[in-house]
């Protein structure tokens, strides 16, 4: 398993392991794409960019993980509440990865928006992870 896949697996497990978050998004509330036929809210793993971050003595990777929180019913407030849970669960989290070591996982940015011509609200969160 690559470090990127191990990171995705650990992040998903951490999010779905939190009863408060699951109460908001449901047990199947994490997806790898935006789905229009299922009710919101939910979290989308929108992207993962991985780059070599090796030093002269250690192999490593830097990962930029983009998560999107989508809400329609309760709008911006609901999306922001879910984003707060995601931040609490992932920022500076000590996740155990299979086949790699997580050196750090830190929140980098958050951007909220309303999708024009729909009732959907989205919050995009970017996390930076370093693995060895």
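In this note's numbering, the protein residues as written are 17 to 148.
All residues carry an ideal CB built from backbone N, CA and C; glycine is no exception.
{"query": "By the DSSP assignment, the beta strand (DSSP E) with residue 147 in it spans what residues?", "result": "137-147"}
{"query": "Leaving out five residues before and five after residue 109 in sequence, what residues of the same chain have Cβ atoms less than 6 Å from its Cβ?", "result": "121"}
{"query": "Using three-state DSSP, classify residue 122 as helix, strand or coil.", "result": "strand"}
{"query": "For residue 79, which beta-bridge partners are listed by DSSP?", "result": "66, 145"}
{"query": "Going straight from the alpha carbon of residue 32 to that of residue 137, what length do you get?", "result": "21 Å"}
{"query": "Taking the straight line between their C-alpha atoms, what separation do you get for residue 27 and residue 69?", "result": "20 Å"}
{"query": "Determine the extent of the alpha helix (DSSP H) in which residue 179 is found, giving its start and end residues.", "result": "Since the first residue shown for the chain is 17 and the last is 148, residue 179 is missing from the structure and cannot be characterised."}
{"query": "Just confirm the distance between the C-beta atoms of residue 94 and residue 57, as a whole number of angstroms; I'd bet it's less than 8 Å.", "result": "6 Å"}
{"query": "Just to confirm my understanding: we take residue 10, look at its own chain, exclude 5 residues before and 5 after, and list those with CB closer than 6 Å. What are they?", "result": "Beyond the ends of the chain as shown, which are 17 and 148, falls residue 10; an answer cannot be given."}
{"query": "Which of the three DSSP states, helix, strand or coil, is assigned to residue 74?", "result": "coil"}
{"query": "Nearest to residue 135 by alpha carbon, out of 91, 103, 101, 106?", "result": "91"}
{"query": "Consult DSSP for residue 116 and reduce its assignment to one of helix, strand or coil.", "result": "coil"}
{"query": "Run the CB neighbour count on residue 147, radius 10 Å, all protein chains shown included, and call it buried at 16 or more, exposed below.", "result": "buried"}
{"query": "What is the rounded straight-line gap between the Cα of residue 105 and the Cα of residue 30?", "result": "7 Å"}
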